[in-house]
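K.L.:
Per this note's numbering, the sequence shown starts with residue 580, numbered consecutively. Take a look at this one; I'll ask things after.
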Amino acid sequence: MFSFFVEKEIGIKLSIGPDDNVFIYFTDHGAVGLVAFPHGVLHAKELNETITKMYTQKKYKQMVIYIEACESGSMLENLLPNNINIYATTASNAEESSYACYYDDKRQTYLGDVYSVVWMEDSDVEQIDLETLYQQFLVTQKNTNTSHVMQYGDLNLGKNHNVSEFQGATKQIYKPIRNLLKKHNAALRRDAVPTQDVRISIVSRRLAAAKDNSVEKEKLEHELAQLYKDREIITARIIQIASTALSLNRGGYLEIVTEKRMKLTQYSCYQSVVEHIQEKCFDLQNEFVLNKLYIIANLCEIGLLDLTINQAIDQVCNERLQFDY
580 MFSFFVEKEI GIKLSIGPDD NVFIYFTDHG AVGLVAFPHG VLHAKELNET
630 ITKMYTQKKY KQMVIYIEAC ESGSMLENLL PNNINIYATT ASNAEESSYA
680 CYYDDKRQTY LGDVYSVVWM EDSDVEQIDL ETLYQQFLVT QKNTNTSHVM
730 QYGDLNLGKN HNVSEFQGAT KQIYKPIRNL LKKHNAALRR DAVPTQDVRI
780 SIVSRRLAAA KDNSVEKEKL EHELAQLYKD REIITARIIQ IASTALSLNR
830 GGYLEIVTEK RMKLTQYSCY QSVVEHIQEK CFDLQNEFVL NKLYIIANLC
880 EIGLLDLTIN QAIDQVCNER LQFDY
């Protein structure tokens, strides 16, 4: 499944063998137990089953994975083995958002994400043929102050191999320039916002910059109001799904499933329900929908069957909502 997404979404077929080091960097939206592509999602269990199969088939020598997505730790936590020559780091733990940064006033958008910007800037300025993967992890962890950067898999691989073995060689920048860049870039990252708030933040910034009483300002005010309304609709519908599912099976758990993020263990139930939500309710490429999927995961975790939850979805989602962005 992972190879399928790489080929379909990126257009690249991986031709690798037992002598190849592989570096995979993924950046997009995510939720508990999944990451989103432009036209689909990849579930945590699918990813780990695929890379484990690649190991048994000797499809790579060693692999390093960096994941930039909300709740990205849930893609690997308690799933990625420590004995298949894979070292991975993620932008966040299994429960929290990743953060966008570097807002550009001219382009009126965010140009980067904190975790990604930090490790890329480290690769730009450090002598990565001497820096280990673990050292880069420590730098990234220290300078990503918006979320908890995590590491998984074969930690010895991270300590015993240099960054250049997976990212290629680069010339070290002259030290005074390097220190100046670090100071400058750290200042730029202070505008960081949670990924699910990026769209609202961009519109709010554009609105603040628009001229009073202009057509543009009126349009942006309407757009911002619509974004908040869409959030309310998404939240209400997901809570209604939870309430309906609980009424079909057990009551009294609504507050628990809507307020607490549980560890995902019921992967098959969750995948079945997420696929049904995608078909009946929402486009899962919407970052705020993804932000609320922990409620659906919680329904599986308290023991509800996917059949019960899917029945609730059928009752609540009499039409599939479309958003104009």
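Positions of the beta carbon are idealized from the N, C-alpha and C atoms, including for glycine. Just so we're clear, the structure is a prediction, and the values are computed from it rather than from any experiment.
1. Where does the unbroken beta strand (DSSP E) through Cys680 begin, and where does it stop?
2. Look up Leu613 in the DSSP assignment and give the residues it is bridged to.
3. Looking at Thr606: is its Cβ nearer than 8 Å to the Cβ of Ser671?
4. Buried or exposed, going by whether 16 or more other CB atoms sit within 10 Å of the CB of Asp692?
5. Can the beta-carbon of Phe745 be found closer than 8 Å to that of Phe602?
6. Kindly indicate which three-state DSSP category Ile646 falls into: helix, strand or coil?
7. I'd like the list of long-range same chain contacts for Leu806, defined as Cβ closer than 7 Å, with 5 residues on each side in sequence excluded.
8. Where does Arg899 land, buried or exposed, given buried means 16+ other C-beta within 10 angstroms?
9. Taking Ala667 as part of the beta strand (DSSP E), name the residues at either end of that continuous run.
10. Please classify Lys638: is it buried, with 16 or more other beta-carbons within 10 angstroms of its beta-carbon, or exposed?
11. Could you pull out every residue in the same chain whose Cβ sits closer than 6 Å to the Cβ of Ile874, ignoring the five residues on either side in sequence?
12. Could you tell me the distance, in whole angstroms, from the CA atom of Lys796 to the CA atom of Asp809?
13. Can you tell me which of the three DSSP states Ile603 falls into?
14. DSSP three-state call for Tyr832: helix, strand or coil?
15. When you compare each of Asn724, Gln720, Gln715, Gly831 to Leu736 by their alpha carbons, which one comes out closest?
16. Between which two residues does the beta strand (DSSP E) harbouring Met654 extend?
17. Give me the residue from Leu626, His608, Met633, Ala623 with the minimum Cα distance to Asn600.
18. Return helix, strand or coil for Met729, following the three-state DSSP convention.
19. Would you call Lys738 buried or exposed, if buried means 16 or more other Cβ atoms sit within 10 Å of its Cβ?
20. Determine the extent of the beta strand (DSSP E) in which Gly691 is found, giving its start and end residues.
21. From which residue to which residue does the alpha helix (DSSP H) around Asn717 run?
22. Compare the Cα-Cα distances from Ile646 to each of Pro660, Met654, Thr669 and report the closest residue.
23. Return the chain-ordered ranges of every beta strand (DSSP E) run that is complete within the stretch 763-824 and spans a minimum of 3 residues.
P.N.:
The answer reads as follows:
1. If you number the sequence shown from 1, residue 680 lands on position 101. From DSSP, the beta strand (DSSP E) with Cys680 extends over 678-683.
2. Here residue 613 corresponds to residue number 34 of the sequence shown, with the count starting at 1. Answer is Ala610, His622.
3. For the purposes of this step, residue 606 is identified with residue 27 of the sequence shown, where counting begins at 1. For the purposes of this step, residue 671 is identified with residue 92 of the sequence shown, where counting begins at 1. No, Cβ-Cβ distance for Thr606 and Ser671 is not below 8 Å.
4. Along the sequence shown, one-based indexing puts residue 692 at 113. It counts as buried.
5. Numbered from 1 along the sequence shown, position 166 holds the residue referred to as residue 745. Numbered from 1 along the sequence shown, position 23 holds the residue referred to as residue 602. Contact: yes.
6. By one-based count along the sequence shown, residue 646 stands at place 67. Correct three-state label for Ile646: strand.
7. Numbered from 1 along the sequence shown, position 227 holds the residue referred to as residue 806. Arg778, Ile779, Val782.
8. Along the sequence shown, read from residue 1 onward, the residue named residue 899 stands at position 320. It counts as exposed.
9. Taking the first residue of the sequence shown as position 1, residue 667 is located at position 88. Element bounds for Ala667: 665-669.
10. Numbered from 1 along the sequence shown, position 59 holds the residue referred to as residue 638. Flag for Lys638 reads buried.
11. What you label residue 874 is simply residue 295 of the sequence shown in a count that begins at 1. Here the set comprises Ile817, Ala821, Val836, Thr837.
12. The residue given as residue 796 occupies position 217 in the sequence shown. The residue given as residue 809 occupies position 230 in the sequence shown. Cα to Cα, Lys796 sits roughly 20 Å from Asp809.
13. Your numbering for residue 603 matches position 24 in the sequence shown. Here Ile603 sits in strand by DSSP.
14. As a first step, residue 832 is located in the sequence shown; it is residue number 253 there, counting from the start. Note: Tyr832 maps to coil in three-state DSSP.
15. Walking along the sequence shown from the start, residue 736 turns up at place 157. Leu736 has its Cα closest to that of Gln715, out of Asn724, Gln720, Gln715, Gly831.
16. The residue you call residue 654 lines up with position 75 of the sequence shown. Segment: none, Met654 is in no beta strand (DSSP E) and carries neither H nor E.
17. Residue mapping note: residue 600 aligns to position 21 of the sequence shown, counting from 1. Of Leu626, His608, Met633, Ala623, the residue nearest in Cα terms is Met633.
18. Against the sequence shown, residue 729 aligns to sequence position 150. In this structure, Met729 counts as strand in the three-state DSSP scheme.
19. If you number the sequence shown from 1, residue 738 lands on position 159. Classification of Lys738: exposed, given that the 10 Å Cβ count is below 16.
20. The residue labelled residue 691 in the question sits at position 112 within the sequence shown. Note, Gly691: beta strand (DSSP E), 688-692.
21. Here the question's residue 717 lines up with position 138 in the sequence shown. Checking the sequence shown, residue 717 turns out to be Leu, not Asn. Looking at the DSSP string, the run of the alpha helix (DSSP H) that includes Leu717 is 712-722.
22. Locating residue 646 in the sequence shown gives position 67, counting from the first residue. Ranking the options by Cα distance to Ile646, first place goes to Thr669.
23. none
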